[in-house]
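The sequence shown begins at 166 in our numbering and counts up by one.
What follows is one structure encoded as structure tokens, with my remarks underneath.
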Amino acid sequence: MNDRILIFDTTLRDGEQALLASLTNKEKLQIAFALERLGVDIIEAGFPVSSPGDFKSVQEIARNIKNATVCGLARSLYEDIDACGESLKVAEHFRIHTFIATSDIHVNAKLKKTQQDVLDMAVKAVKRARRYTDDVEFSCEDAGRTDIDYLCRMVESAITAGATTINIPDTVGYTIPSEFGGIIQTLFNRVPNIDKAVISVHCHNDLGLAVANSLSAVQQGARQIECTINGLGERAGNCSLEEVAMILQTRQSLLNFETGINSNEIYRTSKLISQLCNMPVQGNKAIVGANAFSHSSGIHQDGVLKSKDTYEIMTPESVGISKNHLNMTSRSGRHVIQHRMKELGYMPNDYDLEVLYSNFLALADKKGQVFDYDLEALVFFDQQKHQQAYYSLVYLQANSGANIIPTATIQVEVGDTLKTATEVGNGPVNAAFNAIISATGIDGLEVVDFKLDSKGEGSDALAQVSVVVEYNQRRFNGIGLATDIVEAGVKALIYVLNNTHMADQIDQHKQLNSIKVVNIDKKV
Ligand code: KIV
Ligand code: ZN
């Protein structure tokens, strides 16, 4: 029988903390639902003590997710553990994940404590967490560089204190596979109560070895892998979920492991997260990159035509990529769209067919042929729309050219009022942004990043603009999609304005009902 490997996803915690701009609570919930559907065992939803917003989003995820264990992160401090317990207690079953650094460099230079102090803090933290739940994970931060005798002592003490999962992170991605596997092997050989806990690993990718190190660890007895979609995470990121899951599936007869991952949800989850997080996936990325299943050289193409497995070790369909044999144009009916959406893995209640169909027709009129990525983009943007958008675009006209001053006129609905402004700029997008700022009268907003992408091929591709905006010392992401570049940019900025408006409202509400959560530096 194959041994089961638990998949612990930390996209919403380790992944999110590395983004240029935070996700909104709604986006985090959307990601949590996608992860649940993907079949992950544990979702690390956030770091509740870090901000009232994080506290609320962990709580919201804990309330809504039923088929995965929801987990929150806490330093080995009572206030962190209490915030974690309080945010998660709405769930039927939840996990508290507490951690402290154990390597000499972290203990001495960062914590400025002795090894014994750190061990005492860890034991107290685990005991405190056990007051809330019998599912407690303890992590020895920077375990990869920790003195092995001390690591064994720490693991034994944490298990005695009640930890049910022990996580061994290679926090700085320093180890190599034989070395990291050796650490796991030593723990199994030397820690007397090791069989009372699940051993987990959490590898960072600084040397590109996060997946290989995780694999080496499971071969030595670890049974939980911490990972993220698209390998998001601090610096070079974390172990990539899709890679590790497909290794265990594709090489199952050699490795004899299995996971609960529903592999044909991988591609869709990867795209959703890339889009929401404003983190493009590199074309040659294993499993989910645009080229992961394309064959370029003549010899390869010839081989694949004769027999696919000459150059394909897994099928694109196994990760949820399906080829379209239907031509989607304005003559296509609703049933064609519905059929294709089903093939792309969407459930009927994932989208509103009437809305999608009318958006599809509008796009087909502009583009002629509509492709899978267009359909997915239409669904994505419809899901992103704010039910009650405070700001919405009514009218846009932008003029630019070689010898004219770029000018834009904008009409935006702000609440119930229509506002209009005309401005100039150094280009049509800049002029349109200036006009939006003039029309809305918003102060203190700075666009710190602007990215233009094309969705599809050729000059009729859709333009996707992502912007990062700083407002009130926070960063917000926005994305807009249109056949016109200026319109895509304007939509992205209006998306951001709606999020800043929501944040302002939450802040006002917070002042009225202040949640008792301590603000700390969110980076861990
Ligand atoms: O990399 C790390 O050590 C972490 C811990 C908090 C588990 O993210
Ligand atoms: Zn980490």
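Where is the CB? At the ideal position from N, CA and C, for every residue including glycine.
Rank the options by C-alpha distance to the C-alpha of residue i and give the top, closest one.
i: F458; options: T434, Q440, S487 and A308; result: S487
i: D168; options: L419, A586, T393 and D581; result: L419
i: F545; options: D467, D625 and S439; result: S439
i: G621; options: E225, K532 and L253; result: K532
i: R496; options: D530, D245, S472 and I431; result: D530
i: N427; options: A410, Q350 and N443; result: A410
i: L528; options: E430, M667 and D625; result: D625
i: T298; options: I333, I246 and D335; result: I246
i: D269; options: L284, E257 and F259; result: L284
i: E578; options: G606, T572 and M319; result: G606
i: C442; options: A567, L526, I644 and E257; result: I644
i: T494; options: L203, E209 and L526; result: L526
i: Q447; options: Y476, A573 and N395; result: N395
i: N492; options: Q466, K193, D537 and Y522; result: D537
i: C249; options: N273, A210 and A287; result: A210
i: E192; options: G204, V214 and G218; result: G218
i: R295; options: H258, P593, N229 and V214; result: H258
Please report the straight-line C-alpha distance between residue i and residue j, rounded to a whole angstrom.
i: E321; j: D360; result: 10 Å
i: V520; j: L188; result: 25 Å
i: E251; j: G347; result: 38 Å
i: D515; j: G386; result: 39 Å
i: N449; j: K289; result: 46 Å
i: F212; j: M479; result: 36 Å
i: I680; j: K231; result: Interpretation of I680 is limited by its pLDDT of 42, a score under 50 that renders its predicted location unreliable; no figure is taken from the coordinates.
i: N240; j: V337; result: For clarity, residue 240 is Arg in the given sequence; the question names Asn instead. One C-alpha to the other measures close to 18 Å.
i: V535; j: N637; result: 40 Å
i: L596; j: A586; result: Residue identity differs from the one stated: residue 596 is Ala in this sequence, not Leu. Cα-Cα distance, rounded: 10 Å.
i: L380; j: I331; result: 17 Å
i: E181; j: L397; result: 8 Å
i: S472; j: A401; result: 37 Å
i: T329; j: R640; result: 37 Å
i: K688; j: S216; result: Summary for K688: the model assigns pLDDT 42, below 50, so the residue's position carries little reliability; its value from the coordinates is reported in the next sentence. So the alpha carbons of these two residues sit roughly 12 Å apart.
i: S557; j: N403; result: 38 Å
i: S565; j: L276; result: 57 Å
i: E201; j: P334; result: 24 Å
i: Q503; j: T434; result: 20 Å
i: I570; j: D649; result: 19 Å
i: N591; j: D312; result: 58 Å
i: D314; j: M667; result: 50 Å
i: G237; j: D581; result: 40 Å
i: D618; j: N190; result: 25 Å
i: G463; j: V469; result: 10 Å
i: S222; j: N568; result: 50 Å
i: N421; j: N524; result: 47 Å
i: I208; j: T574; result: 45 Å
i: D474; j: R416; result: 15 Å
Beta-carbon separation of residue i and residue j under 9 Å?
i: V301; j: L171; result: no
i: L658; j: V589; result: no
i: A183; j: E399; result: yes
i: N663; j: Y555; result: yes
i: Y243; j: R310; result: no
i: I261; j: L253; result: yes
i: I341; j: N378; result: yes
i: Q548; j: L561; result: no
i: L646; j: Q629; result: yes
i: V484; j: I412; result: no
i: G327; j: V291; result: yes
i: V125; j: F598; result: Residue 125 falls outside the range modelled here, since the chain spans only 166 to 689, and no answer is possible.
i: D698; j: T393; result: Any question about residue 698 goes unanswered here, given that the chain covers just 166 to 689.
i: L627; j: A600; result: no
i: L352; j: C317; result: yes
i: M319; j: A287; result: yes
i: S405; j: V376; result: yes
i: E225; j: L177; result: no
Rounded C-beta distance between residue i and residue j? I'm assuming under 8 Å.
i: K436; j: E344; result: The pair is not a contact, with the Cβ atoms about 35 Å apart (cut-off 8 Å).
i: F303; j: T263; result: 6 Å
i: T690; j: D307; result: As shown, the chain starts at 166 and ends at 689. That puts residue 690 outside it, with no answer to give.
i: A199; j: V633; result: In fact, because the Cβ distance is near 22 Å, the residues do not count as touching under 8 Å.
i: T175; j: D206; result: At roughly 12 Å, the Cβ-Cβ gap does not stay under 8 Å, so T175 and D206 are not in contact.
i: E407; j: V366; result: Incorrect: roughly 17 Å between the Cβ atoms, too far for contact.
For residue i, list the residues DSSP reports as bridge partners.
i: S381; result: Its beta-bridge partners do not exist; DSSP assigns none.
i: P334; result: H367
i: I431; result: The partner list for I431 (beta bridge, DSSP) is empty, contrary to what the question assumes.
i: D614; result: V633
i: R260; result: C236
i: I265; result: C305
i: T585; result: Q576
i: D168; result: F422
Give a single yes or no on whether residue i has its beta carbon closer than 8 Å to a heavy atom of the ligand FAD.
i: D371; result: Ligands displayed in this structure: the ligand KIV and the ligand ZN; the ligand FAD is not among them.
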